[in-house]
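Colleague: Structure in structure tokens, see below.
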Amino acid sequence: MSSTLITLLVIAAVLAIVVISLYNSIIGGANRAQRAWSDVLTYERQKTRVLDALQEQVGSYREYEQQILTDITRLRSAIHGLPDQANGQSLLGAQQATRELLNDLRVVFEAYPDLKAAEVVNNLMREIAEQQENVGAAVVIFNGEVERFNNTIQMFPGSLVNGMLNKKSAIVPFSDSEASRSFEYKPNF
33 MSSTLITLLV IAAVLAIVVI SLYNSIIGGA NRAQRAWSDV LTYERQKTRV
83 LDALQEQVGS YREYEQQILT DITRLRSAIH GLPDQANGQS LLGAQQATRE
133 LLNDLRVVFE AYPDLKAAEV VNNLMREIAE QQENVGAAVV IFNGEVERFN
183 NTIQMFPGSL VNGMLNKKSA IVPFSDSEAS RSFEYKPNF
């Protein structure tokens, strides 16, 4: 064999390895982002078991606090309405409903000392706050995986491989517009 043919075969083999590596990296990135989204969904849905117990406890104060029961129902609906496919925008409703519920519960605790003294309700409040912290941590991981995946499919040469073979779309990361409004600093992207 001539040296030119050997060189061309080596270049073709290296190019094939690079394309296969990029293809696998795109698929792996999509799978990691989807797994991270599944973790977010898991934590959000774990809140529903706590909400069931809280709803039972607050139910005895129904005539006083109908709004809390409405907020619990809205949060459960928002959690159950989250899609299985990774999409950070769809999490906004559940996050807003959680904030509203926690704020309303604080008001109720201040208004009704006997409810505040109920150890079960206090434990449930702590559990909801803990679940919300877990969701926050899972969202951070999800957004990191989304960034890595989006970079892989949008940067050269991954964009070339994705355009020809995978045809994967960028995933929307989660962003909380309410939280970002509280910052004076705005990056100049």
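Quick note on numbering: the sequence shown equals residues 33 to 221 in my numbering.
Just so it is clear, CB atoms sit at the ideal spot from N, CA and C, and this is done for glycine as well.
What you are looking at is a predicted structure, and each value in this text was computed from that prediction instead of being measured.
Please report the residue range of the alpha helix (DSSP H) in which Ser191 lies.
Modeller: Within the sequence shown, the letter at position 159 stands for residue 191. Where Ser191 is concerned, the enclosing alpha helix (DSSP H) stretches over 190-193.
Colleague: Assign Ile222 to one of two classes, buried (16 or more other C-beta atoms within 10 Å of its C-beta) or exposed (fewer than that).
Modeller: Residue 222 is absent from the structure shown; the chain starts at 33 and stops at 221.
Colleague: Give a yes or no on whether the C-beta atoms belonging to Asn198 and Ile49 are separated by under 8 Å.
Modeller: Numbered from its first residue, the sequence shown carries residue 198 at position 166. Numbered from its first residue, the sequence shown carries residue 49 at position 17. Cβ atoms of Asn198 and Ile49: not closer than 8 Å.
Colleague: Could you say if the segment 189-197 and the segment 77-84 meet the contact criterion of at least three C-beta pairs nearer than 8 Å?
Modeller: No: the two stretches stay apart, fewer than three of their Cβ pairs being nearer than 8 Å.
Colleague: If Gln164 and Thr130 are in contact, beta carbons under 8 Å, what's the gap, nearest whole angstrom?
Modeller: Position 132 of the sequence shown, counting from 1, holds the residue named residue 164. Position 98 of the sequence shown, counting from 1, holds the residue named residue 130. Their Cβ separation, rounded to whole angstroms, is 6 Å, which keeps Gln164 and Thr130 in contact under 8 Å.
Colleague: Could you work out which residue in Thr102, Met33, Asn119, Gly113 is closest to Asn175 when comparing CA atoms only?
Modeller: To locate residue 175, count along the sequence shown from 1; it is residue 143. Among Thr102, Met33, Asn119, Gly113, the Cα nearest to that of Asn175 is on Asn119.
Colleague: By DSSP, does Gln163 sit in helix, in strand, or in coil?
Modeller: If you number the sequence shown from 1, residue 163 lands on position 131. Gln163: helix per DSSP, three-state reduction.
Colleague: Sorted by chain position, which residues of the same chain lie with C-beta nearer than 8 Å to Leu156's C-beta, five sequence neighbours on each side aside?
Modeller: Against the sequence shown, residue 156 aligns to sequence position 124. Here the set comprises Val82, Ala85, Leu86, Gln89.
Colleague: Tell me whether Val171 sits in a helix, a strand or coil according to DSSP, three-state version.
Modeller: Within the sequence shown, the letter at position 139 stands for residue 171. In the structure shown, Val171 sits in a helix (DSSP, three-state: H, G or I).
Colleague: Reducing DSSP to helix, strand and coil, say where Asp208 ends up.
Modeller: Indexing the sequence shown from 1 puts residue 208 at position 176. Asp208 falls in the coil class under three-state DSSP.
Colleague: Considering only C-alpha positions, which residue in the set Glu179, Thr36, Ala202, Phe206 is nearest to Val167?
Modeller: Here residue 167 corresponds to residue number 135 of the sequence shown, with the count starting at 1. The option with the nearest alpha carbon to Val167 is Phe206.
Colleague: Using the Cβ count rule (16 or more neighbours within 10 Å means buried), how would you classify Ile52?
Modeller: One-based indexing of the sequence shown puts residue 52 at position 20. Classification of Ile52: exposed, given that the 10 Å Cβ count is below 16.
Colleague: How many whole angstroms separate the CB atoms of Glu177 and Ala68, which I take to be in contact at a CB cut-off of 8 Å?
Modeller: Sequence index remark: in the sequence shown, residue 177 carries index 145 (1-based). Sequence index remark: in the sequence shown, residue 68 carries index 36 (1-based). Yes, they are in contact, since the Cβ atoms of Glu177 and Ala68 sit about 4 Å apart, within 8 Å.
Colleague: So, using beta-carbon positions, are Leu134 and Leu123 closer together than 8 Å?
Modeller: Residue 134 sits at position 102 when you count from the first residue of the sequence shown. Residue 123 sits at position 91 when you count from the first residue of the sequence shown. Not closer than 8 Å, so no.
Colleague: Tell me whether Gln66 sits in a helix, a strand or coil according to DSSP, three-state version.
Modeller: Locating residue 66 in the sequence shown gives position 34, counting from the first residue. Three-state result, Gln66: helix.
Colleague: Taking only runs that begin and end inside the segment 95-138, name each unbroken alpha helix (DSSP H) of 4 or more residues, in chain order.
Modeller: You should have 98-112.
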